[in-house]
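Engineer:
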Amino acid sequence: MPLVSTPGAQPGGRSVAQAIMARELGRTRCRPILAESIAYREVVDFDIVSVDGQPTLPFALKFARTPRAARRFAVADEEGTVALFELSATDAAEHALRCRWDAHSNAIFDLAWLDDDRHLVTASGDQTFRMWDVETARALHVGKGHAGSIKSVATRAETTHLIATGGRDGHIMLWDTRAGSSDHALSPVLRISRAHHPNSAADRRKRARVECNKSVTSVHFLPWEHTLASAGASDGKIKFWDLRGGSSSEQLYHIDATPAASGHADGVRTRGFSCLDVDGANLRLLGGTTGGKIHVYDLMRPQMGATHTLEGHTSETFYVKAVFSPDGRHVASGSSDKIAYLWDLHDSDAPPLQLAGHAGEVTTLDFCHARESGLRRGLASCSDDGTVRVWTRETASERTFITPQRAPRAPRTPLASPADGSAEPAAEAARADAAASAARTGPPLSRVRTIDDFWRASAPEESGDVTER
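Residue numbers (the UniProt record's numbering): 1 to 469.
Written out as C-alpha cells, the structure reads:
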C-alpha cells in the first residue's frame, strides 16, 4: 500500500508534489542556515538546578517555531520541572530565564509545542502527559492511559488538537484535546498496542537470544494526513502507520536499520532507533541509532534505504538525539563523548564539525528558528553535566550569564499519582548508565576540519532565487 495519501500544504505554499518536482528539476534552493557562519561559539551556559538548588539533569529541550516566539526555548529535567528561556537578539547578557514551574512528579522525557507555540506538551515518567498554557503555567489537559513512562510526544503543526505519544509500555496512543472531560482529563482516542514487538518467527527467535526492550522511543507525524512514523528501542525498525483505521490502525510498512547499524553482520544484535526527525521541507526523514549511526532517508522513497549514513559520534544510550537544521541541509547530534556534532548533507563524506565544551554526555539539542542576525544559525544543547549551552556564530568570546544562584522557585505543588499507583521511580530516569557514559570517549576521527573549513564548504551557491524558511 502506498504511503502517500493526501498531499498537504508545504512551507511557502507549495504542495508535496510541487516540492518533489522542484527538487527533481533542481529548482529547490534554500539558504543554508549555517552557510554564512565563520565561527561557532558558546555564548551562554544555563545551569539546571533542582528545587533545593542542587544540580539536576536536563532531559528535553525544544525551541519554539513561530516567528513571534522563535527566541524562546523550553527545557525539562529529571525532577519534572519546566523552564522557559528567552534569548536576546542584540545583547547576550540579556539571555535569561523567563519562567519555571513544576509540571510533573517524575522526570520529563520529551516536549512538543502546539497551537502556534502558545501551548507546551510535556511527556513524563509519571505515565502522563500534560498540556500547558505557557503564559500562565496552567495545566489545560492531562492524558492518562500509558502503563509506563511516556518517552516521546508529537504534535501536528496543521492542527491544535492532535497529540501522539509513545511509551515504555510499547504502545502508541493518539489523543484529541477536544474530547476532554470537565476535569480536563483525556483518554486516548486510538491505541496501537505492542507497536514494536517482534511479529515474524525470525524476529521472535532473535528476541529469544537477546534482551528485548519493547519501548517506543519516538513518534513523529508525517506531512501527509493520517500518517505517523514510530521508532522502537530494540527491533531496529521505523514503522509507518495509517491512523484512519481507528483501533485497528494499519502498519503501512517499515524500514530496517542496516546490518552495519545493527552491530553484527547477521543482524542478531539489532540496534534500536533513539529518535526521528523530519526536515522543514518534508522531504527527508532521519533516524538516530544507538550504534553510533544516523540514517537519512528520502521521505518519498524510504524503502529504498538510507541516502546518507552519518558517523563520527558515539551513541550508546537512547538519550542521544539528532535533529535537522531548519533548512534541512545540516544534521546536529549529541554524543556520549561530551561533544555535539554537525554534518553538512551536501558534503556528507567529510568529517563532522565538533562543538566541544560540555563535561558530560550531550543528549538533546535543537536549532533556533529566529530570523534575527544575532540568533540565526544558533542551537542549544543539553548535557549530563547539568547544563544547557547556547551556541551562535556571532560571538567571538565565551561567557556565562546564568549561574546556579537563581531566583527563588515557587513551592512544588503535589501531583496525583496514576490511578494504578505504578509510576516508575525517578531513579529510572536518572539513568544508571550516566556514570559509565561520562567516562566513555568516542573513536578519534581520521580528519577533523576546522570551523572555517566547515563554513567555507557550506557556502551558499550564487543564485538569483533564494528562499529562506
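In this text, a Cβ means the ideal position worked out from N, Cα and C, and glycines have one as well. What you are looking at is a predicted structure, and each value in this text was computed from that prediction instead of being measured.
Residues in its own chain within less than 6 angstroms of Y297 by CB, not counting five upstream and five downstream?
Structural biologist: Same-chain partners within the cutoff: L285 and A306.
Engineer: Would you kindly work out how many angstroms separate the C-alpha atoms of D133 and L120, rounded to a whole number?
Structural biologist: Computed Cα separation, rounded: 7 angstroms.
Engineer: Let me check one thing: in DSSP terms, what residues is T155 bridge-paired to?
Structural biologist: DSSP output for T155 lists I163 as bridge partner(s).
Engineer: Applying the criterion that 16 or more other CB atoms from any shown protein chain within 10 Å of the CB defines a buried residue, is P55 buried or exposed?
Structural biologist: P55 is exposed by the Cβ-count criterion.
Engineer: May I ask you to report which of helix, strand or coil DSSP gives T217?
Structural biologist: The answer is strand: DSSP assigns T217 an E or B state.
Engineer: Let me make sure I understand the geometry here. Which of T81, G80 and H95 has the alpha-carbon closest to that of L87?
Structural biologist: For L87, the nearest C-alpha among the options comes from H95.
Engineer: Going by C-alpha distance, which of S193, R301, G292 and S348 is nearest E316?
Structural biologist: When only C-alpha atoms are compared, the closest one is G292.
Engineer: Across the stretch 271-282 and the stretch 216-224, are there enough close Cβ pairs to call them in contact, namely three or more that are closer than 8 angstroms?
Structural biologist: Verdict: yes, contact present.
Engineer: DSSP state of L114, grouped into three classes?
Structural biologist: Strand.
Engineer: Is it true that the CB of A137 sits closer than 8 angstroms to the CB of L111?
Structural biologist: No; because the gap between Cβ atoms is not below 8 angstroms, this pair is not in contact.
Engineer: Any heavy atom of the ligand ZN within a distance shorter than 7 angstroms of the CB on E78?
Structural biologist: By its list of ligands, the structure shown contains no ligand whatsoever, and the ligand ZN lies outside what it can speak to.
Engineer: Quick one: using the 10 Å Cβ neighbour count with 16 as the cut-off for buried, is D344 buried or exposed?
Structural biologist: By the neighbour-count rule (16 or more Cβ atoms within 10 Å), D344 is buried.
Engineer: Could you pull the start and end residues of the beta strand (DSSP E) that D298 belongs to?
Structural biologist: Segment I294 to D298, the beta strand (DSSP E) holding D298.
Engineer: Between T363 and F273, is the Cβ-Cβ spacing less than 8 angstroms?
Structural biologist: Taking 8 angstroms as the Cβ cut-off, T363 and F273 do not qualify as a contacting pair.
Engineer: Is G334 near K321, with beta carbons less than 8 angstroms apart?
Structural biologist: Yes, the Cβ-Cβ distance between G334 and K321 is below 8 angstroms.
Engineer: With DSSP as the reference, identify every bridge partner of A275, one or two as the case may be.
Structural biologist: Ala is not the amino acid found at residue 275; the sequence shown has Cys there. C275 pairs with G288.
Engineer: Buried or exposed for R389, please, with buried defined as at least 16 other CB atoms from any protein chain shown within 10 angstroms of its CB.
Structural biologist: By the neighbour-count rule (16 or more Cβ atoms within 10 Å), R389 is buried.
Engineer: Do you know offhand how far R178's Cα is from H161's?
Structural biologist: Roughly 6 angstroms between the two C-alpha positions.
Engineer: Suppose you measure from the CA of P326 to the CA of L140; what does that come to, to the nearest Å?
Structural biologist: Their Cα atoms are separated by approximately 29 angstroms.
Engineer: Measuring straight from C-alpha to C-alpha, what distance separates H346 and L310?
Structural biologist: Looking at the two C-alpha atoms, the distance is approximately 12 angstroms.
Engineer: Q303: buried (16+ other C-beta within 10 angstroms of its C-beta) or exposed?
Structural biologist: Answer is exposed; the Cβ neighbour count stays below 16.
Engineer: Figure out for me which residue from M131, R156 and H197 has the closest Cα to the Cα of A185.
Structural biologist: It is M131 whose Cα lies nearest to the Cα of A185.
Engineer: For M173, collect the residues of the same chain with a Cβ closer than 6 angstroms to its Cβ; drop the 5 residues on either side in sequence, then sort them by chain order.
Structural biologist: Result list for M173: G145, T165, P188 and R191, in chain order.
Engineer: Label R329 either buried or exposed according to how many other C-beta atoms from any shown protein chain fall within 10 Å of its C-beta, with 16 as the threshold for buried.
Structural biologist: When all chains shown are included, R329 counts as buried.
Engineer: Of the choices N213, P67, F318 and W113, whose alpha-carbon is the least far from that of L84?
Structural biologist: Among N213, P67, F318 and W113, the Cα nearest to that of L84 belongs to W113.
Engineer: What residue does the beta strand (DSSP E) around C382 start on, and which one ends it?
Structural biologist: Residues L379 to S383.
Engineer: Could you tell me which uninterrupted beta strand (DSSP E) segments, each at least 3 residues in length, are contained entirely in the stretch 311-371, listed from first to last along the chain?
Structural biologist: With a minimum length of 3 residues, the continuous beta strand (DSSP E) runs that stay inside the stretch 311-371 are 322-324, 330-333, 339-344, 353-356 and 362-367.
Engineer: Among E158, S230 and K237, which has the Cα closest to the Cα of V115?
Structural biologist: The sequence given here has Asp at residue 115, not Val. Ranking the options by Cα distance to D115, first place goes to E158.
Engineer: Rounding to the nearest angstrom, what Cα-Cα distance links T155 and S124 in this structure?
Structural biologist: Whole-angstrom Cα-Cα distance: 16 angstroms.
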